[in-house]
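Enquirer: After the structure tokens below, expect a handful of questions from me.
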Amino acid sequence: FGGSLFVSRPGSLLASAEAVNCYLDESATDGSTPQAVVGGVLLDRGGFVGFDMEWREFINARGLAPGLHIRDFGRKGRFSRVSNTDKSDIFADAVRMINQHKIYSVAATISHDKYRTILDLGTRQVMSVYGLCFILSAYENHRRAVFNKYTKNIGFILDSGNPYAGHVVGAHATLLECQKSEPLNVGSLTFDQDDNVTALQAADVVAWSVRRRLVGMPFNNGYEPLVGIFDEAHSEQSWDGDTLQPLAHELARVIACDHPPSPC
34 FGGSLFVSRP
44 GSLLASAEAV
54 NCYLDESATD
64 GSTPQAVVGG
74 VLLDRGGFVG
84 FDMEWREFIN
94 ARGLAPGLHI
104 RDFGRKGRFS
114 RVSNTDKSDI
124 FADAVRMINQ
134 HKIYSVAATI
144 SHDKYRTILD
154 LGTRQVMSVY
164 GLCFILSAYE
174 NHRRAVFNKY
184 TKNIGFILDS
194 GNPYAGHVVG
204 AHATLLECQK
214 SEPLNVGSLT
224 FDQDDNVTAL
234 QAADVVAWSV
244 RRRLVGMPFN
254 NGYEPLVGIF
264 DEAHSEQSWD
274 GDTLQPLAHE
284 LARVIACDHP
294 PSPC
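Per this note's numbering, residue 34 is the first one in the sequence shown, and the count goes up by one each step.
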């Protein structure tokens, strides 16, 4: 495992008594690129408070209000005319703050082709790539928690607005039900707008960067600093691999049977 649930940050040490939350955003779960990603950051309370304060100052100083969204720097974005030099400076500051305050960054990925191959049509109607990646994120958090002997539940805060949010709600409910017999470190589930929650803007940076690397696009023209997200405290889990696939596949099947479009 890269990184630890109890890593030491500059000036701060995560204490087991602190609340830990996982902030997640998605990238390309609509099929706009071959790879879909749900990614974000895990923060304890101290990390969130420190990050939130510094990030808000950064947003105001850089004229980025109401928040940093990488899509805004694209061809049709509100910051499309920002120079590559200024863009690089912005992203360098963003990556520095994220890495300084995070416990770790995490991403769950799946290719759309793989999704269509491994799940039948009935299951796909109740479990999107968005839902699958959430399941993998939850299992990755659990795996790390077990490795680090962390026994408390981890809450999830996701960016609102995704049309398949209901699949995440269903997956979360099933995880909580499974947790009655087997601890999974799954806490509460909340949706909010990233303009309100700065950590969700950090999640956008992580998810976008992971997706760009997966599809083989270069980090150039001012995006170079985003490679810094992939430090020793970054973890990715792919449905295309086999580590968690059996567990996540079975959970997807259970969810489909709980909410069947046709008899299971």
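Cβ atoms here follow ideal geometry from the backbone N, Cα and C, with glycine treated the same way.
The structure presented is a predicted model; accordingly, all values stated were derived computationally and were not measured.
From this set, G261, Y256, S268, which residue's C-alpha is nearest G107's C-alpha?
Expert: Y256
Enquirer: Helix, strand or coil, according to DSSP, for Q234 in the structure here?
Expert: helix
Enquirer: Let's see if you can read the secondary structure: which residues bound the beta strand (DSSP E) around H175?
Expert: Counted as a single uninterrupted DSSP element, the stretch harbouring H175 is not any beta strand (DSSP E) but the alpha helix (DSSP H) occupying residues 162-180.
Enquirer: Please report the distance separating the alpha-carbon of H102 from that of Q212.
Expert: 35 angstroms
Enquirer: Excluding five sequence neighbours on each side, which residues of the same chain lie with their C-beta closer than 6 angstroms to the C-beta of D192?
Expert: D58, D227, L233
Enquirer: What span of residues does the beta strand (DSSP E) with F224 cover, start to end?
Expert: 219-225
Enquirer: Measuring only the C-alpha atoms, how far is N254 from S138?
Expert: Rounded to the nearest whole angstrom, the CA to CA distance from N254 to S138 is 24 angstroms.
Enquirer: Do the stretch 196-209 and the stretch 85-100 make contact, defined as three or more Cβ pairs closer than 8 angstroms?
Expert: no
Enquirer: To the nearest angstrom, report how far apart H175 and A69 are at their CA atoms.
Expert: 21 angstroms
Enquirer: If you check the beta carbons only, do L154 and F189 fall under 7 angstroms apart?
Expert: Result no, Cβ atoms of L154 and F189 do not sit closer than 7 angstroms.
Enquirer: Taking the continuous alpha helix (DSSP H) assigned at S121, which residues delimit it?
Expert: 117-134
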